[in-house]
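Engineer: Start counting the sequence shown at 691; every next residue gets the next number (my numbering).
Even for Gly, the Cβ is constructed at its ideal location relative to N, Cα and C.
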Amino acid sequence: MAQENTKPTLTSEEDEIDLIALAKTLWDGRKTIIKAILIFMAIGLFIALFSEKEYTASTTIVPATQGKSIGGSLGGLAAMAGINLGSLGSDSGISTSLYPQIVNSIPFQKQLLQTPITIEGQEKPITYTDYYTNVYNPSLLGYIKKFTIGLPALIIKAIKSKPVIANKVKQSVDGNQIQTVTDDEYQLIKQLKDQLVIDINDKDGYVTISATLPEAKSAAQLAKKAQELLQHYIINFKVQKSKEELKFIQGRYQEKEKEFKTIQNQLASFKDRNQNINTTLAQSKMVQLQSEYDLAFSVYTELAKQLETQQLQVKQDTPVFTVLKPVTIPIEKAKPKRVLILAIWTFLGVIIGIGMVFGKTLLGGLKKDWIKSEN
(Lines of atoms letter the chains of each structure in order from A and count residues from 1; the text may use other names and numbers.)
(Lines give C-alpha, C1' and ligand atoms only; values in the text may rest on other atoms or scores of the structure.)
Protein backbone atom coordinates (compact mmCIF):
# COMPACT_ATOMS: atom_id res chain seq x y z
CA MET A 1 0.00 0.00 0.00
CA ALA A 2 2.89 2.31 0.85
CA GLN A 3 4.49 1.71 -2.55
CA GLU A 4 1.25 2.49 -4.37
CA ASN A 5 0.93 5.82 -2.59
CA THR A 6 4.45 6.93 -3.54
CA LYS A 7 3.92 6.60 -7.30
CA PRO A 8 1.53 9.54 -7.77
CA THR A 9 3.76 11.69 -5.60
CA LEU A 10 6.79 10.94 -7.75
CA THR A 11 4.81 11.65 -10.91
CA SER A 12 3.63 14.97 -9.56
CA GLU A 13 7.16 15.89 -8.62
CA GLU A 14 8.40 14.97 -12.11
CA ASP A 15 5.65 17.03 -13.76
CA GLU A 16 6.52 19.96 -11.53
CA ILE A 17 10.19 19.62 -12.46
CA ASP A 18 9.25 19.46 -16.18
CA LEU A 19 7.13 22.60 -15.94
CA ILE A 20 9.89 24.42 -14.12
CA ALA A 21 12.35 23.30 -16.80
CA LEU A 22 10.04 24.51 -19.55
CA ALA A 23 9.51 27.83 -17.83
CA LYS A 24 13.29 28.19 -17.34
CA THR A 25 13.86 27.42 -21.04
CA LEU A 26 11.36 30.10 -22.04
CA TRP A 27 12.86 32.59 -19.62
CA ASP A 28 16.35 31.96 -20.91
CA GLY A 29 15.11 32.47 -24.47
CA ARG A 30 12.97 35.52 -23.66
CA LYS A 31 15.12 37.79 -25.82
CA THR A 32 14.52 35.57 -28.85
CA ILE A 33 10.77 35.50 -28.17
CA ILE A 34 10.59 39.27 -27.70
CA LYS A 35 12.57 39.86 -30.90
CA ALA A 36 10.26 37.55 -32.84
CA ILE A 37 7.19 39.28 -31.41
CA LEU A 38 8.53 42.73 -32.27
CA ILE A 39 9.49 41.68 -35.80
CA PHE A 40 6.11 40.14 -36.52
CA MET A 41 4.29 43.06 -34.89
CA ALA A 42 6.20 45.39 -37.22
CA ILE A 43 5.22 43.27 -40.21
CA GLY A 44 1.59 43.23 -39.07
CA LEU A 45 1.60 46.97 -38.47
CA PHE A 46 3.07 47.58 -41.93
CA ILE A 47 0.41 45.38 -43.56
CA ALA A 48 -2.38 46.99 -41.51
CA LEU A 49 -1.30 50.53 -42.37
CA PHE A 50 -0.49 50.07 -46.05
CA SER A 51 -3.19 47.61 -47.08
CA GLU A 52 -5.69 49.06 -49.53
CA LYS A 53 -9.05 50.14 -48.22
CA GLU A 54 -11.93 48.13 -49.63
CA TYR A 55 -15.68 48.54 -49.28
CA THR A 56 -18.26 45.80 -49.71
CA ALA A 57 -21.81 46.43 -50.91
CA SER A 58 -24.36 43.65 -51.04
CA THR A 59 -27.96 42.87 -51.89
CA THR A 60 -30.21 39.98 -50.95
CA ILE A 61 -32.97 38.76 -53.26
CA VAL A 62 -35.50 35.95 -53.12
CA PRO A 63 -36.38 34.34 -56.46
CA ALA A 64 -40.10 33.59 -56.55
CA THR A 65 -42.64 32.61 -59.18
CA GLN A 66 -46.36 33.06 -59.54
CA GLY A 67 -46.77 29.30 -59.26
CA LYS A 68 -50.36 28.19 -59.69
CA SER A 69 -51.93 31.51 -58.79
CA ILE A 70 -52.93 32.42 -62.36
CA GLY A 71 -54.36 29.03 -63.14
CA GLY A 72 -56.23 28.89 -59.86
CA SER A 73 -57.73 32.37 -59.89
CA LEU A 74 -58.53 32.62 -63.56
CA GLY A 75 -59.24 28.97 -64.32
CA GLY A 76 -63.02 29.22 -64.03
CA LEU A 77 -63.29 32.49 -65.93
CA ALA A 78 -60.93 31.25 -68.65
CA ALA A 79 -62.88 28.02 -69.03
CA MET A 80 -66.04 30.04 -69.73
CA ALA A 81 -64.18 31.83 -72.51
CA GLY A 82 -62.90 28.54 -73.91
CA ILE A 83 -59.29 29.10 -72.80
CA ASN A 84 -57.43 26.17 -71.28
CA LEU A 85 -55.11 27.13 -68.40
CA GLY A 86 -54.22 23.59 -67.44
CA SER A 87 -50.64 23.97 -68.67
CA LEU A 88 -50.09 26.99 -66.45
CA GLY A 89 -49.96 25.05 -63.21
CA SER A 90 -46.31 24.03 -63.47
CA ASP A 91 -43.59 25.77 -61.50
CA SER A 92 -41.80 28.32 -63.65
CA GLY A 93 -38.80 28.74 -61.36
CA ILE A 94 -35.16 28.11 -62.26
CA SER A 95 -32.78 26.37 -59.88
CA THR A 96 -30.65 28.79 -57.86
CA SER A 97 -27.74 26.37 -58.26
CA LEU A 98 -27.40 27.73 -61.82
CA TYR A 99 -26.95 31.33 -60.66
CA PRO A 100 -23.16 31.08 -60.07
CA GLN A 101 -22.79 29.52 -63.53
CA ILE A 102 -24.58 32.52 -65.03
CA VAL A 103 -22.53 35.04 -63.05
CA ASN A 104 -19.23 33.36 -63.97
CA SER A 105 -20.08 33.07 -67.66
CA ILE A 106 -18.00 35.10 -70.11
CA PRO A 107 -20.89 37.17 -71.57
CA PHE A 108 -22.03 38.13 -68.06
CA GLN A 109 -18.53 39.07 -66.96
CA LYS A 110 -17.86 41.09 -70.12
CA GLN A 111 -21.03 43.09 -69.55
CA LEU A 112 -19.96 43.77 -65.98
CA LEU A 113 -16.63 45.09 -67.28
CA GLN A 114 -18.62 47.88 -68.96
CA THR A 115 -20.43 48.86 -65.74
CA PRO A 116 -20.28 52.65 -65.21
CA ILE A 117 -18.87 53.41 -61.75
CA THR A 118 -18.31 56.70 -59.98
CA ILE A 119 -14.69 57.30 -58.99
CA GLU A 120 -13.48 60.12 -56.79
CA GLY A 121 -11.56 62.66 -58.84
CA GLN A 122 -13.29 61.78 -62.12
CA GLU A 123 -15.72 64.28 -63.64
CA LYS A 124 -18.12 61.60 -64.86
CA PRO A 125 -18.63 57.85 -64.32
CA ILE A 126 -16.19 55.57 -66.12
CA THR A 127 -16.37 51.87 -66.87
CA TYR A 128 -14.84 49.21 -64.67
CA THR A 129 -12.36 48.46 -67.47
CA ASP A 130 -11.29 52.10 -67.82
CA TYR A 131 -10.85 52.41 -64.06
CA TYR A 132 -8.50 49.46 -63.68
CA THR A 133 -6.73 50.13 -66.97
CA ASN A 134 -6.10 53.88 -66.80
CA VAL A 135 -7.04 55.31 -63.39
CA TYR A 136 -6.45 52.78 -60.63
CA ASN A 137 -3.25 53.06 -58.56
CA PRO A 138 -2.58 50.21 -56.15
CA SER A 139 -1.40 50.81 -52.59
CA LEU A 140 2.23 50.42 -51.50
CA LEU A 141 1.51 46.86 -50.43
CA GLY A 142 -0.14 46.27 -53.78
CA TYR A 143 2.97 47.43 -55.60
CA ILE A 144 5.12 45.13 -53.47
CA LYS A 145 2.89 42.15 -54.27
CA LYS A 146 2.84 43.09 -57.94
CA PHE A 147 6.61 43.16 -58.29
CA THR A 148 7.33 40.17 -56.04
CA ILE A 149 4.61 37.54 -56.14
CA GLY A 150 3.19 38.84 -59.41
CA LEU A 151 6.54 39.38 -61.12
CA PRO A 152 6.46 36.07 -63.09
CA ALA A 153 3.06 36.99 -64.50
CA LEU A 154 4.34 40.41 -65.56
CA ILE A 155 7.32 38.84 -67.31
CA ILE A 156 5.13 36.31 -69.12
CA LYS A 157 2.73 39.08 -70.17
CA ALA A 158 5.62 41.17 -71.52
CA ILE A 159 6.99 38.24 -73.54
CA LYS A 160 3.67 37.41 -75.17
CA SER A 161 3.16 39.07 -78.52
CA LYS A 162 -0.39 37.98 -79.35
CA PRO A 163 -2.99 39.96 -77.42
CA VAL A 164 -5.88 37.59 -78.07
CA ILE A 165 -6.17 34.31 -76.21
CA ALA A 166 -8.33 32.08 -78.36
CA ASN A 167 -7.94 28.95 -76.26
CA LYS A 168 -9.09 30.44 -72.97
CA VAL A 169 -12.71 30.95 -73.97
CA LYS A 170 -15.10 28.40 -75.35
CA GLN A 171 -18.32 30.29 -74.64
CA SER A 172 -20.93 30.21 -77.39
CA VAL A 173 -23.01 33.31 -78.01
CA ASP A 174 -25.77 32.31 -80.38
CA GLY A 175 -24.67 28.86 -81.42
CA ASN A 176 -22.68 30.10 -84.41
CA GLN A 177 -20.21 32.64 -83.05
CA ILE A 178 -17.47 32.04 -80.49
CA GLN A 179 -16.41 34.85 -78.20
CA THR A 180 -12.77 35.75 -77.83
CA VAL A 181 -11.25 37.56 -74.88
CA THR A 182 -8.12 39.68 -74.94
CA ASP A 183 -5.40 39.12 -72.40
CA ASP A 184 -6.31 42.36 -70.60
CA GLU A 185 -9.97 41.34 -70.44
CA TYR A 186 -9.00 37.92 -69.17
CA GLN A 187 -6.99 39.42 -66.30
CA LEU A 188 -9.81 41.83 -65.45
CA ILE A 189 -12.35 38.99 -65.46
CA LYS A 190 -10.16 36.98 -63.07
CA GLN A 191 -10.00 40.01 -60.77
CA LEU A 192 -13.73 40.66 -61.09
CA LYS A 193 -14.56 37.09 -60.06
CA ASP A 194 -12.66 37.69 -56.82
CA GLN A 195 -14.44 40.98 -56.20
CA LEU A 196 -17.96 39.75 -57.00
CA VAL A 197 -19.32 36.97 -54.79
CA ILE A 198 -22.69 35.24 -55.06
CA ASP A 199 -23.86 33.21 -52.08
CA ILE A 200 -26.77 30.77 -52.41
CA ASN A 201 -28.74 29.82 -49.30
CA ASP A 202 -30.64 26.74 -50.41
CA LYS A 203 -32.26 26.22 -47.01
CA ASP A 204 -33.93 29.62 -46.74
CA GLY A 205 -34.11 30.22 -50.50
CA TYR A 206 -32.37 33.57 -50.80
CA VAL A 207 -29.41 34.79 -52.85
CA THR A 208 -26.82 37.34 -51.74
CA ILE A 209 -24.65 39.26 -54.20
CA SER A 210 -21.64 41.14 -52.82
CA ALA A 211 -19.20 43.43 -54.59
CA THR A 212 -15.91 44.71 -53.13
CA LEU A 213 -14.08 47.73 -54.57
CA PRO A 214 -11.70 50.42 -53.29
CA GLU A 215 -14.51 53.01 -53.21
CA ALA A 216 -17.88 52.69 -51.48
CA LYS A 217 -20.13 54.11 -54.20
CA SER A 218 -18.48 52.13 -56.99
CA ALA A 219 -18.92 48.93 -54.96
CA ALA A 220 -22.65 49.66 -54.62
CA GLN A 221 -22.96 50.40 -58.34
CA LEU A 222 -21.24 47.13 -59.28
CA ALA A 223 -23.46 45.11 -56.92
CA LYS A 224 -26.59 46.78 -58.33
CA LYS A 225 -25.51 46.11 -61.92
CA ALA A 226 -24.79 42.47 -61.10
CA GLN A 227 -28.24 42.09 -59.55
CA GLU A 228 -29.99 43.62 -62.56
CA LEU A 229 -27.98 41.55 -65.03
CA LEU A 230 -28.64 38.34 -63.14
CA GLN A 231 -32.38 38.98 -63.08
CA HIS A 232 -32.32 39.86 -66.79
CA TYR A 233 -30.45 36.67 -67.70
CA ILE A 234 -32.74 34.46 -65.61
CA ILE A 235 -35.92 36.02 -67.03
CA ASN A 236 -34.69 35.70 -70.61
CA PHE A 237 -33.55 32.13 -70.03
CA LYS A 238 -36.87 31.09 -68.51
CA VAL A 239 -39.29 32.79 -70.89
CA GLN A 240 -37.32 32.10 -74.08
CA LYS A 241 -39.31 29.02 -75.03
CA SER A 242 -42.64 30.62 -74.12
CA LYS A 243 -41.82 33.74 -76.14
CA GLU A 244 -40.83 31.68 -79.18
CA GLU A 245 -44.13 29.80 -79.00
CA LEU A 246 -45.99 33.09 -78.55
CA LYS A 247 -44.24 34.56 -81.59
CA PHE A 248 -45.20 31.51 -83.67
CA ILE A 249 -48.85 31.69 -82.58
CA GLN A 250 -48.98 35.43 -83.23
CA GLY A 251 -47.73 34.86 -86.78
CA ARG A 252 -50.34 32.21 -87.48
CA TYR A 253 -53.02 34.33 -85.80
CA GLN A 254 -52.27 37.32 -88.03
CA GLU A 255 -52.35 35.13 -91.16
CA LYS A 256 -55.68 33.56 -90.27
CA GLU A 257 -57.11 36.91 -89.20
CA LYS A 258 -56.32 38.30 -92.64
CA GLU A 259 -57.86 35.25 -94.35
CA PHE A 260 -60.95 35.44 -92.14
CA LYS A 261 -61.54 39.11 -92.90
CA THR A 262 -61.11 38.49 -96.59
CA ILE A 263 -63.69 35.69 -96.62
CA GLN A 264 -65.96 37.72 -94.35
CA ASN A 265 -65.92 40.62 -96.82
CA GLN A 266 -66.52 38.26 -99.76
CA LEU A 267 -69.54 36.71 -98.03
CA ALA A 268 -70.99 40.09 -97.07
CA SER A 269 -70.46 41.47 -100.57
CA PHE A 270 -72.11 38.41 -102.17
CA LYS A 271 -75.14 38.70 -99.88
CA ASP A 272 -75.52 42.39 -100.70
CA ARG A 273 -75.42 41.67 -104.46
CA ASN A 274 -77.80 38.70 -104.37
CA GLN A 275 -80.50 39.67 -101.89
CA ASN A 276 -83.36 39.16 -104.39
CA ILE A 277 -81.84 36.35 -106.46
CA ASN A 278 -82.91 32.79 -105.62
CA THR A 279 -81.16 30.82 -108.32
CA THR A 280 -79.56 27.48 -107.55
CA LEU A 281 -76.16 28.74 -108.65
CA ALA A 282 -76.39 31.70 -106.27
CA GLN A 283 -77.49 29.47 -103.41
CA SER A 284 -74.61 27.05 -104.12
CA LYS A 285 -72.15 29.93 -104.09
CA MET A 286 -73.68 31.17 -100.85
CA VAL A 287 -73.25 27.75 -99.23
CA GLN A 288 -69.64 27.58 -100.41
CA LEU A 289 -68.79 31.03 -99.05
CA GLN A 290 -70.63 30.29 -95.79
CA SER A 291 -68.63 27.06 -95.35
CA GLU A 292 -65.35 28.85 -96.00
CA TYR A 293 -66.42 31.55 -93.56
CA ASP A 294 -67.34 29.03 -90.84
CA LEU A 295 -64.03 27.19 -91.25
CA ALA A 296 -61.98 30.40 -91.21
CA PHE A 297 -63.91 31.68 -88.19
CA SER A 298 -63.35 28.41 -86.33
CA VAL A 299 -59.58 28.46 -86.97
CA TYR A 300 -59.36 32.17 -86.20
CA THR A 301 -61.25 31.75 -82.92
CA GLU A 302 -59.10 28.79 -81.84
CA LEU A 303 -55.89 30.71 -82.56
CA ALA A 304 -57.23 33.68 -80.59
CA LYS A 305 -57.75 31.35 -77.62
CA GLN A 306 -54.26 29.91 -78.01
CA LEU A 307 -52.79 33.40 -78.28
CA GLU A 308 -54.46 34.48 -75.05
CA THR A 309 -53.35 31.30 -73.32
CA GLN A 310 -49.74 31.72 -74.47
CA GLN A 311 -49.67 35.35 -73.36
CA LEU A 312 -50.68 34.20 -69.90
CA GLN A 313 -48.05 31.46 -70.11
CA VAL A 314 -45.31 34.03 -70.77
CA LYS A 315 -46.39 36.01 -67.73
CA GLN A 316 -46.57 32.80 -65.72
CA ASP A 317 -43.04 31.77 -66.72
CA THR A 318 -41.54 35.17 -65.88
CA PRO A 319 -39.67 34.85 -62.57
CA VAL A 320 -40.42 37.41 -59.88
CA PHE A 321 -37.67 38.66 -57.58
CA THR A 322 -38.28 40.03 -54.11
CA VAL A 323 -35.50 42.29 -52.86
CA LEU A 324 -35.04 41.66 -49.14
CA LYS A 325 -31.98 43.86 -48.80
CA PRO A 326 -31.49 46.56 -51.43
CA VAL A 327 -28.04 47.80 -52.37
CA THR A 328 -26.81 50.63 -50.17
CA ILE A 329 -23.55 52.56 -50.20
CA PRO A 330 -21.40 51.10 -47.40
CA ILE A 331 -20.20 53.47 -44.69
CA GLU A 332 -17.60 51.33 -42.95
CA LYS A 333 -14.75 49.74 -44.85
CA ALA A 334 -14.61 45.96 -45.07
CA LYS A 335 -10.82 45.80 -45.28
CA PRO A 336 -8.29 46.14 -43.81
CA LYS A 337 -9.24 45.17 -40.25
CA ARG A 338 -6.14 46.65 -38.69
CA VAL A 339 -6.63 45.47 -35.11
CA LEU A 340 -7.28 41.91 -36.24
CA ILE A 341 -4.26 41.94 -38.57
CA LEU A 342 -2.00 43.23 -35.81
CA ALA A 343 -3.34 40.67 -33.32
CA ILE A 344 -2.84 37.78 -35.75
CA TRP A 345 0.73 38.76 -36.58
CA THR A 346 1.56 39.31 -32.90
CA PHE A 347 0.21 35.87 -32.03
CA LEU A 348 2.18 34.42 -34.90
CA GLY A 349 5.30 36.11 -33.50
CA VAL A 350 4.70 34.51 -30.10
CA ILE A 351 4.34 31.06 -31.69
CA ILE A 352 7.42 31.49 -33.89
CA GLY A 353 9.47 32.84 -30.98
CA ILE A 354 8.56 29.95 -28.70
CA GLY A 355 9.22 27.52 -31.52
CA MET A 356 12.65 29.01 -32.11
CA VAL A 357 13.55 28.70 -28.39
CA PHE A 358 12.49 25.07 -28.11
CA GLY A 359 13.99 24.29 -31.50
CA LYS A 360 17.30 25.74 -30.41
CA THR A 361 17.18 23.74 -27.17
CA LEU A 362 16.28 20.55 -29.02
CA LEU A 363 19.09 21.04 -31.54
CA GLY A 364 21.52 21.70 -28.69
CA GLY A 365 20.50 18.47 -26.98
CA LEU A 366 20.83 16.51 -30.22
CA LYS A 367 24.26 18.01 -30.81
CA LYS A 368 25.44 16.95 -27.32
CA ASP A 369 24.10 13.42 -27.83
CA TRP A 370 25.88 13.26 -31.21
CA ILE A 371 29.20 14.29 -29.64
CA LYS A 372 28.80 11.79 -26.81
CA SER A 373 28.04 8.99 -29.27
CA GLU A 374 31.19 9.80 -31.25
CA ASN A 375 33.33 9.77 -28.10
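Which word fits residue 985, buried or exposed, when buried means at least 16 other C-beta atoms lie within 10 angstroms of its C-beta?
Structural biologist: Here residue 985 corresponds to residue number 295 of the sequence shown, with the count starting at 1. By the 10 Å Cβ count, residue 985 comes out exposed.
Engineer: Assign residue 968 to one of three DSSP states: helix, strand, or coil.
Structural biologist: Along the sequence shown, read from residue 1 onward, the residue named residue 968 stands at position 278. If DSSP states are grouped into helix, strand and coil, residue 968 belongs with coil.
Engineer: Just curious, the alpha helix (DSSP H) that residue 926 is in, first and last residue?
Structural biologist: Here residue 926 refers to the residue found at position 236 of the sequence shown. It spans 906 to 963 - the alpha helix (DSSP H) in which residue 926 sits, taken as one unbroken run.
Engineer: Do residue 928 and residue 1007 count as a contact pair if the criterion is CB distance below 8 angstroms?
Structural biologist: Locating residue 1007 in the sequence shown gives position 317, where the first residue counts as 1. Locating residue 928 in the sequence shown gives position 238, where the first residue counts as 1. Yes, Cβ-Cβ distance for residue 1007 and residue 928 is below 8 angstroms.
Engineer: Which word fits residue 719, buried or exposed, when buried means at least 16 other C-beta atoms lie within 10 angstroms of its C-beta?
Structural biologist: Counting from 1 along the sequence shown, the entry for residue 719 is found at position 29. It is buried - the Cβ of residue 719 has at least 16 other Cβ atoms within 10 Å.
Engineer: Enumerate in chain order the residues of its own chain whose CB-to-CB distance from residue 1021 is below 8 angstroms, with the five nearest sequence positions on each side excluded.
Structural biologist: For this step, residue 1021 is matched to residue 331 along the sequence shown. Around residue 1021: 906.
Engineer: Determine the burial state of residue 958: buried for a count of at least 16 other Cβ atoms within 10 Å of its Cβ, exposed for fewer.
Structural biologist: The residue you call residue 958 lines up with position 268 of the sequence shown. The residue is exposed, with fewer than 16 neighbouring Cβ atoms inside 10 Å.
Engineer: Going by beta carbon distance, what residues of the same chain come within less than 8 angstroms of residue 1034, once the five residues before and after it are set aside?
Structural biologist: Locating residue 1034 in the sequence shown gives position 344, counting from the first residue. So the qualifying residues of the chain are 734.
Engineer: Candidates 793, 738, 814, 992: which alpha carbon is nearest residue 889's?
Structural biologist: The residue given as residue 889 occupies position 199 in the sequence shown. Among 793, 738, 814, 992, the Cα nearest to that of residue 889 belongs to 793.
Engineer: Going along the chain, which residues of its own chain have a beta-carbon closer than 8 angstroms to the beta-carbon of residue 1014, five neighbours each way excluded?
Structural biologist: In the sequence shown, the residue the question calls residue 1014 occupies position 324. The answer, listed in chain order, is 750, 751, 752, 896.
Engineer: Could you please give the first and the last residue of the uninterrupted alpha helix (DSSP H) stretch that includes residue 876?
Structural biologist: If you number the sequence shown from 1, residue 876 lands on position 186. Element bounds for residue 876: 873 to 885.
Engineer: I want to know whether the segment 973 to 983 touches the segment 708 to 726 - three or more CB-CB distances under 8 angstroms.
Structural biologist: The answer is no - the segment 708 to 726 does not touch the segment 973 to 983, with fewer than three Cβ pairs under 8 angstroms.
Engineer: Roughly how far, in whole angstroms, is the beta-carbon of residue 746 from the beta-carbon of residue 902, given that I think they are within contact range, below 8 angstroms?
Structural biologist: By 1-based counting over the sequence shown, the position of residue 746 is 56. By 1-based counting over the sequence shown, the position of residue 902 is 212. Confirmed, about 5 angstroms.
Engineer: Keeping to the same chain, check which residues put their C-beta closer than 8 angstroms to that of residue 790; ignore five residues upstream and five downstream.
Structural biologist: Position 100 of the sequence shown, counted from the first residue, corresponds to residue 790. Answer for residue 790: 888, 890, listed in chain order.
Engineer: Who does residue 1012 pair with in a DSSP beta bridge?
Structural biologist: Indexing the sequence shown from 1 puts residue 1012 at position 322. According to DSSP, which records beta bridges pairwise, residue 1012 is partnered with 752.
Engineer: In angstroms with no decimal places, state the Cα-to-Cα distance between residue 913 and residue 994.
Structural biologist: As a working mapping, residue 913 is identified with position 223 in the sequence shown. As a working mapping, residue 994 is identified with position 304 in the sequence shown. Taking the straight line joining both Cα atoms gives about 43 angstroms.
Engineer: Taking all protein chains shown into account, decide if residue 1061 is buried (16 or more other Cβ within 10 angstroms of its Cβ) or exposed.
Structural biologist: Residue mapping note: residue 1061 aligns to position 371 of the sequence shown, counting from 1. Exposed.
Engineer: Quick check on the burial criterion: 16 or more other C-beta atoms within 10 angstroms. Buried or exposed for residue 805?
Structural biologist: To locate residue 805, count along the sequence shown from 1; it is residue 115. So residue 805 ends up on the buried side.
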